[in-house]
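Counting with my numbering, you get residues -14 to 297 for the letters of the sequence shown. Glycine included, every Cβ here is placed at the ideal spot set by N, Cα and C.
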Amino acid sequence: MDGRNHSVVSEFVFLGLTHSWEVQLLLLVVSSVLYVASMTGNILIVFSVTIDPHLHSPMYFLLASLSFIDLGACSATSPKMIYDLFRKHKVISFGGCIAQIFFIHVIGGVEMVLLIAMAFDRYVAICKPLHYLTIMSPRMCVLFLAAAWALGIIHSLFQLAFIVNLPFCGPNVLDSFYCDLPRLLRLACTDTYRLQFMVTVNSGFICVGSFFTLLISYIFILFTVWKHSSGSSSKALSTLSAHITVVLLFFGPTMFVYTWPHPNSHMDTFLAIFDAVLTPFLNPLIYTFRNKDMKAAMKRVCRQLVIYRKIS
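As structure tokens, this is what we get:
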């Protein structure tokens, strides 16, 4: 990346979350517990779906893929945030900042496509149950996953193209605990109004477009179930509340950050913490709380792990 060659700034300084040591200690404990719980819950889902033959279906394949990307979501910013709570001088290198932005947007892009794929999976399960296994074949699932990663990487590279050649020659303080594109653009030693507008349009359009696509899909599914109520439909419908909740948790903060015309640093910081720490923790809880098959599979995996530890 040539951006470094045109830049005097070699590192960026985070203002962090708060200057109060009492609040920092509380945040340290809470964020550490939530991070460990998020990693544990998502890893357990991935292992359960991989190992348990009862969960070898398209719905659980997509769920495991979402849990895998959530491992990246909680690791992209949380470890650095937790580490910085110990430090007075919170810094990140120029390359580290670019890498953080890259992974955040890859993860966001992949998660958007996976949520759309999961909505399509529920649509087929409820509206075309007799053709479900034909439509949601292993090949289709792999295509969804490949498309998610391809679009996520392309989206992230497109975002980085906005900043790679910008000069950073003076201010290097970010009023945040992680690198995000809108704030970084404001530090460039040139007029970036058009670039900020393009970033907002790009990310905002993708977020809003994906959100309304999902919203229309779920409304159509709910209407179909209401019109043709049956036992099998009711069973498939039981997973919809979890899907809709996760969609709202993911898209709510993202749309606010990239589409709100008057950014507020305190609100942005709160939503960033929510998105980085709470959402990856809540996702496994939401998807397993009302899913008997998943809970049973996770119990079986935990028992196998305990037995394995005793043997070894």
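In this structure, DSSP gives V158 an extended state, which the three-state scheme calls strand. Per DSSP, the continuous alpha helix (DSSP H) segment holding F182 begins and ends at 178 to 212. For the options V158, A227, I139, the alpha carbon positioned closest to that of I89 is the one of I139.
Closest in alpha carbon position to I111, among H39, A22, I204, Y178, is I204.
The same chain holds no residue with a CB closer than 7 Å to that of T119 once the five nearest residues on each side in sequence are set aside. Across the structure, M283 and A61 are spaced so that their CA atoms are roughly 26 Å apart. Here the segment 13 to 29 does not lie against the segment 74 to 86, with fewer than 3 beta-carbon pairs under 8 Å apart. Looking at the DSSP output, F(-1) sits in a beta bridge with K75, L159. Collapsing the DSSP output to three states places D37 in coil. Counting along the chain, the unbroken alpha helix (DSSP H) around L118 starts and ends at 117 to 120. Distance from the CA atom of N268 to the CA atom of S52, rounded to whole angstroms, is 8 Å.
Taking all protein chains shown into account, C287 has fewer than 16 neighbouring C-beta atoms within 10 Å of its C-beta and is therefore exposed. In this structure, DSSP gives D165 a state outside helix and strand, which the three-state scheme calls coil. Take D260, set aside five residues on each side of it, and the residues of its chain with a beta-carbon closer than 6 Å to its own are P238, in chain order. With respect to the C-alpha of F32, the residue from P43, A49, V158 having the closest C-alpha is A49. If you check the CB distance, V193 and M240 come in under 8 Å.
Ranked by Cα distance from Y272, the options L290, A227, L263, L233 are led by A227.
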